[in-house]
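Trainee: Residue numbers (our numbering), protein chains in the order written: chain W, 18 to 497; chain S, -4 to 267.
1. Less than 8 Å between the beta carbons of residue 430(W) and residue 354(W), yes or no?
2. If you compare alpha carbons, which of 307(W), 59(W), 251(W) and 267(W) is closest to residue 275(W)?
3. One question on the structure: do residue 70(S) and residue 26(S) come within less than 8 Å of each other, judged by their Cβ atoms?
4. Under three-state DSSP, which class holds residue 216(S)?
5. Quick check on residue 101(W): does DSSP put it in helix, strand or coil?
6. Exposed or buried, what is residue 252(S) when buried is set at 16 or more other beta-carbons lying within 10 Å of its beta-carbon?
7. Closer than 8 Å, CB to CB, is residue 491(W) near chain S or not?
8. In angstroms, rounded to a whole number, what distance separates the CA positions of residue 315(W) and residue 141(S)?
9. Going along the chain, which unbroken runs of the beta strand (DSSP E) with 3 or more residues stay wholly within the region 372 to 421 of chain W?
10. Quick one: what's got a C-beta closer than 7 Å to residue 344(W)'s C-beta in the same chain, skipping five residues either side?
11. Does DSSP put residue 331(W) in a helix, in a strand, or in coil?
12. Pick helix, strand or coil for residue 130(S), following the three-state DSSP scheme.
13. Could you check whether the region 286 to 293 of chain W touches the region 448 to 467 of chain W, counting it as contact only if at least three pairs of C-beta atoms, one from each stretch, sit closer than 8 Å?
14. What is the residue span of the beta strand (DSSP E) that residue 78(W) lies within?
15. Under 8 Å, Cβ to Cβ, is there at least one residue of chain S near residue 415(W)?
16. Does residue 40(S) pass the burial test, meaning 16 or more other C-beta atoms within 10 Å, or should it be called exposed?
17. Cutting at 6 Å between CB atoms, please list the residues of its own chain near residue 260(S), excluding the five before and the five after it.
18. Just to check my reading of the structure: residue 104(W) and residue 212(W) have Cβ atoms closer than 8 Å, yes? What is that Cβ distance to the nearest angstrom?
19. Is the Cβ-Cβ distance between residue 183(W) and residue 21(W) less than 8 Å?
20. Of all the CB atoms in chain S, is at least one closer than 8 Å to the CB of residue 484(W)?
21. For residue 202(W) and chain S, any beta-carbon pair shorter than 8 Å?
22. Residue 166(S) versus chain W: which residues are under 8 Å apart at the beta carbon?
23. Taking residue 91(W) as the reference, which of 77(W), 358(W), 107(W) and 405(W) has the closest Cα?
24. Suppose contacts are defined by Cβ-Cβ distances below 8 Å. Is residue 106(W) in contact with residue 51(W) by that definition?
25. Rounded to the nearest angstrom, how far is the Cβ of residue 34(W) from that of residue 180(W), given a contact under 8 Å?
26. Over the uninterrupted beta strand (DSSP E) stretch that includes residue 298(W), give me the two end residues.
27. When you check each C-beta in the region 174 to 196 of chain S against every C-beta of chain W, which residues fall closer than 7 Å?
28. For the candidate residues 119(W), 271(W), 130(W) and 405(W), whose alpha-carbon lies nearest to that of residue 162(W)?
29. Under a three-way DSSP split, which group does residue 63(S) fall into?
30. Which residues in the same chain as residue 60(W) place their Cβ atom closer than 8 Å to its Cβ, once the five residues preceding and following it in sequence are excluded?
31. Is the distance from the Cβ of residue 88(S) to the Cβ of residue 198(S) below 8 Å?
32. Could you tell me if residue 67(S) is buried or exposed, where buried requires 16 or more neighbouring beta carbons within 10 angstroms of its beta carbon?
33. For chain S, is any of its Cβ atoms less than 8 Å away from the one on residue 422(W)?
34. Return the chain-ordered list of same chain residues with a C-beta closer than 6 Å to the C-beta of residue 294(S), the five sequence neighbours on each side being excluded.
35. Please decide whether residue 181(W) counts as near chain S, where near means a Cβ-Cβ distance under 8 Å.
36. From the DSSP output, which residues share a beta bridge with residue 340(W)?
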């Protein structure tokens, strides 16, 4: 018998359907992945199944949970099952733990209040849970004293304390780099191995691949494709799924290397720090026209600081950056991670771009000429930065840089906030820019697959001072 | 889900508050500027036979203890206090804006010196500072202007400095700098649109504070000198006759209250 069976779940807002009927089954021991871009309705589906939809959204359909049969239209009925039957692993768990409460008390509280155990027993049980998850001795800490991975494990311990067999994880890898992402996947699978069901909602193909099991692909509130994850990923039957999977950096074709032009920049023995700690030292590289240098490393290793040093915004603690002779002062430009934050927010894009074109003596016709090359519609220009989608705005940011005719673009995680398909478009355009404009690019990304398929050469930062943390394999081993 | 492009809708109550504020301020302004044209008269002319007499056609609000038309004294007072207040706020706003942005942009000892200065001034009670200046500067109106400017610029300075610091640290400003734009462009494009709404709110509150200070000092006989018609002075002069001429006393009280309420509603209803 299935652990959870949901049939014909729909969600609508003021009578407009925003999620078409979806049915799913969750079997013990077999994970289910719901894959979709932002706005595909994947989180709505999960909320409808749990009965946690926002008040202005109405759900319909039936949910069978063990021997309970529930009506999705009446979310009140679900309350009694939260924590006991269904546990939710929240997005970014370090934000959902109580910052003023020690870790062990948070888990104890769940045992005591959800299961109604006496205090002493709850406390013993909580420390046993923490030991099992490799958090021995961490029980007296506060959430801010934990690493991201440890916080995630505490959240799992607290969520599972009520004895729930079904775990729903909504975007569990949001904001994590590749190594952490695999840790989380292993942790979830380990919980699954203890018997129970696992529902993972994600846009991350790598996570989906690692979780395996069954998969449902959602797009704009409709089911595009479903089947075993491995089969769907290997041979997608629908055009959209094919596009989505092709957009995964793992599946990109490596870029053909270009013949390098004359040198733009030479950096020797660079070192820099922040707040008294040395982030990197002895970094040397050189860059030529049309060349792409990939910069990778875990978060906080100084990738952006390196950019600041190269762009002349931050003084290096040691070493020199030599610009090639004859470059203008504005030859080095930066593409930002969050394009909305990089535009003046009170002006229309047209005004901002006109100002840049005028400042650099470019004919205004150049903007019109660049728009179609970047796949942008002129109608966007009359809007303000916050009224344009992230992918479009990132392309407009690239357009703004091209008006300067730069020799080097420092692209700081330019696609980390974009959907896979949009990410591929933007990266392709960057490569195209390097080729056609003869511009060197430093591409920063936390995704090694993306960098290795795009860059001509790689620079890997900061593998030394990793935070002391229990690694995933050890946790998984301890659970078996 | 979908990107929401429309601005957050303003609540009707906020709009109504602003409407009431604007109406009050405009009505008092119209009274001050046009009142003398509709009913001509002299605020200083005495006729002791009419002392504390009730309203009549040439003096719609009756007469004070010296037989002067309260209406004409009131419209005169309603021109004087707001004029001094606006002049002080304009001066204080300009000073605060320039020094605040300068402190945020330059940092270092310039910023530290200015911050210490404002903190020191902030430790003095505002009215005391105005009183000290009044004692030193010849001419009461000039004294009020200088004294109130000294009190009010601190608020503008602190607002401008805080907002500018935050804006200057944003990626948008960094991008503009990399693109080769100078400080003037960055001020116009990034800083001013952020500060302007805050400055307007602070200006409305500042005007109210200034009018209040002038009236308060007038009330304790340390501000404007008699026979100048001034709101606080009128109140204290008419206070002993509250039983005989209640309307004469209530007129400056209601006018002051309406003016302050109008300015506060105007300021408080702004979304910043």
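Think of the CB as a built atom: it goes at the ideal place given N, C-alpha and C, for glycine as much as any other residue.
Mentor: So, from the data block:
1. yes
2. 307(W)
3. yes
4. coil
5. coil
6. exposed
7. In this prediction, residue 491(W) has a pLDDT of 42, which is less than 50 and means its spatial position is unreliable; what the coordinates show is noted afterwards. False, the Cβ-Cβ gap to chain S never drops below 8 Å.
8. 58 Å
9. none
10. 424
11. coil
12. helix
13. no
14. 74 to 82
15. no
16. exposed
17. 12, 15 and 16
18. Not really, about 14 Å apart at Cβ, beyond 8 Å.
19. yes
20. Reliability of the predicted coordinates at residue 484(W) is poor, the pLDDT of 36 falling under 50, and the value obtained from them is presented with this limitation in mind. Judged by the 8 Å Cβ criterion, residue 484(W) is not in contact with chain S.
21. no
22. 353, 355, 358 and 359
23. 77(W)
24. no
25. That pair is no contact at about 36 Å.
26. 294 to 305
27. 174, 175, 176, 184, 185 and 188
28. 119(W)
29. coil
30. 187, 188 and 218
31. yes
32. buried
33. no
34. Coverage of chain S is limited to positions -4 through 267, which leaves residue 294(S) absent and any answer about it impossible.
35. no
36. 282(W)
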